[in-house]
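Novice: Going by the numbering used here, the sequence shown opens with residue 23, and the numbers climb by one from there. C-beta atoms are modelled at their ideal positions from N, C-alpha and C, and glycine is treated no differently.
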Amino acid sequence: MTAQPITSDTPVSNVDPFSYDVLEDPLPFQAALREAGPVVYLEKYDVYAMGRYAEVHAALTDWQTFQSAAGVGLSNFRYEKPWRPPSLLLEADPPHHDAPRAILSKILGPRELRRLAKSWAADAEELVDDLLAKGTEFDAVTDLAAAFPLRIFPDAVGIPQEGRENLLPYGDHVFNAFGPPNELVAKGAPRVAELSASIAAQCARDVLTPDGFGAQIWAAADRGDITEAQAPLIVRSLLTAGVDTTVNGLAAVLFAFATNPDQWGRLREGPALSRTAFDEAVRFESPVQTFFRTTTRDIEVGGTLIPEGRKILMFLGSANRDPRRWENPEIFDLNRDPSGHVGFGFGIHQCVGQHVARLEASTILNTLAKRITSLEINGPTRRHHNNTLRAWESLPVRVELA
Ligand code: OVM
23 MTAQPITSDT
33 PVSNVDPFSY
43 DVLEDPLPFQ
53 AALREAGPVV
63 YLEKYDVYAM
73 GRYAEVHAAL
83 TDWQTFQSAA
93 GVGLSNFRYE
103 KPWRPPSLLL
113 EADPPHHDAP
123 RAILSKILGP
133 RELRRLAKSW
143 AADAEELVDD
153 LLAKGTEFDA
163 VTDLAAAFPL
173 RIFPDAVGIP
183 QEGRENLLPY
193 GDHVFNAFGP
203 PNELVAKGAP
213 RVAELSASIA
223 AQCARDVLTP
233 DGFGAQIWAA
243 ADRGDITEAQ
253 APLIVRSLLT
263 AGVDTTVNGL
273 AAVLFAFATN
283 PDQWGRLREG
293 PALSRTAFDE
303 AVRFESPVQT
313 FFRTTTRDIE
323 VGGTLIPEGR
333 KILMFLGSAN
343 RDPRRWENPE
353 IFDLNRDPSG
363 HVGFGFGIHQ
373 CVGQHVARLE
383 ASTILNTLAK
393 RITSLEINGP
403 TRRHHNNTLR
413 AWESLPVRVE
423 LA
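1. Within 7 Å: the Cβ of Thr262 and any heavy atom of the ligand OVM?
2. Can you name the residues that DSSP bridges to Ile321?
3. For Val275 versus Pro171, is the C-beta spacing smaller than 8 Å?
4. What do you reckon, are the CB atoms on Ile129 and Leu272 nearer than 8 Å?
5. Using a Cβ-Cβ cut-off of 6 Å (strictly less than) and excluding sequence neighbours within five positions of Pro254, which residues of its own chain qualify?
6. Comparing C-alpha positions only, which one of Gly246, Val179, Ala215, Ala223 sits nearest to Thr231?
7. Distance, Cα to Cα, Ser416 vs Gly325?
8. Residue range of the alpha helix (DSSP H) that Lys209 falls in?
9. Leaving aside the five residues before and after Trp142 along the sequence, list all residues of the same chain whose C-beta is less than 6 Å from its C-beta, in chain order.
10. Which one or two residues does DSSP pair with Lys128 in a beta bridge?
11. Can you determine whether any heavy atom of the ligand OVM sits closer than 7 Å to the C-beta of Val196, and answer yes or no?
12. What is the rounded straight-line gap between the Cα of Ala139 and the Cα of Ser35?
13. Output yes or no for whether 8 Å exceeds the beta carbon distance between Thr317 and Glu330.
14. Apply the 10 Å Cβ neighbour rule to Ile394 and answer buried if 16 or more other Cβ atoms are within range, or exposed otherwise.
15. What does the alpha-carbon distance come out to for the pair Met23 and Glu77?
16. Between the alpha carbons of Ala211 and Ser220, how many angstroms are there, rounded?
17. Are there any heavy atoms of the ligand OVM lying less than 7 Å away from the beta-carbon of Leu335, as far as the coordinates show?
18. Just to confirm, does Thr267 get its C-beta within under 7 Å of one of the non-hydrogen atoms of the ligand OVM?
19. Taking only three categories from DSSP, how would you classify Met23?
20. Cβ of Ser259 within 7 Å of any heavy atom in the ligand OVM?
21. Which complete alpha helix (DSSP H) runs does the region 114 to 200 hold, if anything under 4 residues is left out?
22. Is the beta carbon of Tyr18 sitting closer than 8 Å to the one on Val61?
23. What residue range does the beta strand (DSSP E) around Leu423 cover?
24. Hey, would you say Arg315 sits closer than 8 Å to Ile334, going by beta carbons?
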């Protein structure tokens, strides 16, 4: 027996958005989803889906109706025990969500980050110098998109050296685990206990350096703004949400430039464009493709009645390429104003680390723009499949030096 949507004229899709083919290239499925209607019932998982910008944006804004506290993955915390203690930010709603959110927004805010900009620029120059000294052909994923965040972010949080190699694999599994229990999740399962223990160990007060984001979170516990039990879980949020996302965001912007050479020329004319470029790449590739919400009441969207307690899959990546909202959405265009994209989400849960991500991206882009006149793909590119992330395994590039 297949479960049926309550409104009989709701479009139905039997496609599995987490299948190999869709993860390899999600764009045709997303176009079909948007065409089918504002809300589509996904038969395979007995959930609803939204692929158009207007409805995704509206639902993300209405956290009272579309809650996060029942989990932002397929699994509904009402019926299934979460596989790890839920995130105090991502998988919570007001009022519990608000104190952790307020603390992180301050610690990761533009004012606090100014302190880091100079040393990150020096790190970027050293990384790029060393890389270009070895040659003009390299892998933009491993040598840049992964190398730069891994060089600066763990230090910024203040975690020890030991266990840093677990950050990317842990994040990869968490983002897979938001999807269905498919082979990607099964592949990660054997290491879950080990990786979770490693990450938890890095959140403890006594292992963190005194000047990092981690110590600032513990200082908030000392002030009584949050409890001592909350502090390590908020550090965990940084380690979970702050690595795979930025790696794939940087990979996205490097891929976009490598395949749009004229745009690289424009970036070289002025460093101010690097921030627009990064947000345009986040719109264009949407490193975080999807998140679920759960209805807290019966709600009608575009003629479909979604009953209370149901899961809805929000296609951020699809909304960011909805032609109803964006002119020529399939073009990476530095002339466009990408603001309003939902690649960082929207509303009260919108990425609290977005200023960190933008600083990382603009730092590495501006460093590269000074040294490189052009970059192009010069070998077979390979995607990394993940149930939530639009990710890269390999982007071989050749660059020309200034
Ligand atoms: C968290 C968390 C984990 C994954 C993603 C995310 C994109 C947050 O643990 O808070 O936001």
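Specialist: Let me spell this out:
1. Position 240 of the sequence shown, counted from the start, is the residue given in the question as residue 262. Because some heavy atom of the ligand OVM lies under 7 Å away, the Cβ of Thr262 counts as near it: yes.
2. The sequence position of residue 321 within the sequence shown is 299, counting from 1. Ile328, per the DSSP bridge assignment.
3. Here residue 275 refers to the residue found at position 253 when the sequence shown is read from its first residue. Here residue 171 refers to the residue found at position 149 when the sequence shown is read from its first residue. No, they are not a contact pair.
4. Counting from one through the sequence shown, the residue named residue 129 turns up at place 107. Counting from one through the sequence shown, the residue named residue 272 turns up at place 250. Against a cut-off of 8 Å, the Cβ pair of Leu272 and Ile129 comes out as no contact.
5. Taking the first residue of the sequence shown as 1, we reach residue 254 at position 232. Cys225, listed in sequence order.
6. Here residue 231 is taken as the residue at index 209 of the sequence shown, counted from 1. Cα-wise, what sits closest to Thr231 is Val179.
7. On the sequence shown, residue 416 is found 394 positions in, with the first residue counted as 1. On the sequence shown, residue 325 is found 303 positions in, with the first residue counted as 1. Those two C-alpha atoms are separated by around 43 Å.
8. As a position in the sequence shown, residue 209 is number 187, starting the count at 1. First-last of the alpha helix (DSSP H) with Lys209: 205 to 210.
9. Residue 142 sits at position 120 when you count from the first residue of the sequence shown. Contacts found: Ile174, Thr385.
10. On the sequence shown, residue 128 is found 106 positions in, with the first residue counted as 1. Answer by DSSP bridge pairing: none, since Lys128 is not bridged.
11. Stepping through the sequence shown from its first residue, residue 196 is reached at position 174. Checking the Cβ of Val196 against the ligand OVM gives yes.
12. For the purposes of this step, residue 139 is identified with residue 117 of the sequence shown, where counting begins at 1. For the purposes of this step, residue 35 is identified with residue 13 of the sequence shown, where counting begins at 1. So the two alpha carbons sit approximately 47 Å from each other.
13. To locate residue 317, count along the sequence shown from 1; it is residue 295. To locate residue 330, count along the sequence shown from 1; it is residue 308. Cβ distance < 8 Å, so Thr317 and Glu330 count as in contact.
14. Position 372 of the sequence shown holds residue 394. By the neighbour-count rule (16 or more Cβ atoms within 10 Å), Ile394 is buried.
15. As a position in the sequence shown, residue 23 is number 1, starting the count at 1. As a position in the sequence shown, residue 77 is number 55, starting the count at 1. Per-residue confidence for Met23 stands at a pLDDT of 46, beneath the threshold of 50, marking its modelled position as unreliable; the derived number appears in the next sentence. Roughly 29 Å separates the two Cα atoms.
16. The count along the sequence shown starts at 1 and reaches residue 211 at position 189. The count along the sequence shown starts at 1 and reaches residue 220 at position 198. Rounded to the nearest angstrom, the two C-alpha atoms are 15 Å apart.
17. Start at 1 with the first residue of the sequence shown, and residue 335 comes out as number 313. Leu335 Cβ: outside cutoff for every heavy atom of the ligand OVM.
18. As a working mapping, residue 267 is identified with position 245 in the sequence shown. Flag set: Cβ of Thr267 near the ligand OVM.
19. Sequence index remark: in the sequence shown, residue 23 carries index 1 (1-based). Since pLDDT at Met23 reaches only 46, below the 50 mark, its modelled position is unreliable, and no value is offered.
20. Position 237 of the sequence shown holds residue 259. Checking every heavy atom of the ligand OVM against the Cβ of Ser259, one is found closer than 7 Å.
21. 120 to 129, 132 to 156, 169 to 179, 189 to 199
22. Because the chain here runs from 23 to 424, residue 18 falls outside it and cannot be looked at.
23. Looking up residue 423 in the sequence shown gives position 401. Its beta strand (DSSP E) spans residues 418 to 423.
24. Numbered from its first residue, the sequence shown carries residue 315 at position 293. Numbered from its first residue, the sequence shown carries residue 334 at position 312. Yes, the Cβ-Cβ distance between Arg315 and Ile334 is below 8 Å.
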